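Student:
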Amino acid sequence: MPLRAIAYASQARPDLAAERLQTLVNDAARFNRMAGVTGVLLHDGQRFLQYIEGPPDGIDPVYERILQAGSHVDIVELARGRLGQRQFPYWSMRALQIDAPKLRQLSTSDWSGFSRTADGDRAVPTAVDLLSEIVRPALNAG
Ligand SMILES: Cc1cc2nc3c(=O)[nH]c(=O)nc-3n(C[C@H](O)[C@H](O)[C@H](O)COP(=O)(O)O)c2cc1C
34 MPLRAIAYAS
44 QARPDLAAER
54 LQTLVNDAAR
64 FNRMAGVTGV
74 LLHDGQRFLQ
84 YIEGPPDGID
94 PVYERILQAG
104 SHVDIVELAR
114 GRLGQRQFPY
124 WSMRALQIDA
134 PKLRQLSTSD
144 WSGFSRTADG
154 DRAVPTAVDL
164 LSEIVRPALN
174 AG
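This is the structure we're talking about:
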């Protein structure tokens, strides 16, 4: 089954309350589950960075909902492409709080091919490497 992934960054509407954000994520997770989409939503209190992956007929309607959502503006697509296998199969959607420098680092890192550096490679981490580091503690916490 072919898989696609998209990563984007956006600006949260200034009046977006924490409660509303939780409702939005619950709603997103419900829709994504039906669409076979998994991923993660990072938030620093002002900006979002979201990664989604799944089959083309799931990704397309999900991304359309994201583009239509009024809760954020200035959506900038960081990467889009094919995947050999899922990289983040853990949650249909989950919001994780991170600090602003980390989110900025992630939005300016290398997303090309959604690749990881080879194990033991001391080169600069790719975006997917950084995203894995952010996700890991949340996985370990259960
Ligand atoms: C940052 C952000 C991420 C979202 N992620 C998803 C998603 O992964 N899947 C989905 O179906 N909808 C997603 N949505 C859409 C919301 O679940 C919800 O339908 C929408 O935000 C409600 O409309 P409103 O923002 O105009 O109030 C997202 C919306 C925002 C703002």
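Per the numbering used here, numbering through the sequence shown is continuous, rising by one, with the last residue being 175. Ideal Cβ positions, reconstructed from N, Cα and C, are used throughout, including at glycine. Keep in mind the model is a prediction, meaning the values are calculated, not measured.
1) Using the rule of at least 16 other Cβ atoms within 10 Å of the residue's Cβ for burial, across every protein chain shown, is residue 126 buried or exposed?
2) Would you list the one or two residues that DSSP bridges to residue 97?
3) Quick check: is any heavy atom of ligand 1 less than 7 Å from the C-beta of residue 27?
4) Do residue 183 and residue 70 have their CB atoms nearer than 8 Å?
5) State whether the segment 38–46 contacts the segment 72–86, with contact taken as three or more CB pairs (one from each stretch) at a distance under 8 Å.
6) Please determine whether the Cβ atom of residue 121 lies at a distance below 7 Å from any heavy atom of ligand 2.
Tutor: Taking the geometry as given:
1) With 16 or more other Cβ atoms within 10 Å, it is buried.
2) In DSSP, residue 97 forms no bridge with anything.
3) An answer regarding residue 27 cannot be provided, because it is not within the stretch 34 to 175 covered by the chain.
4) What the structure shows of the chain is the stretch from 34 to 175, and residue 183 is not part of that stretch, so it cannot be assessed.
5) yes
6) Inclusion of ligand 2 in the displayed structure is not the case, the ligand content consisting of ligand 1 alone.
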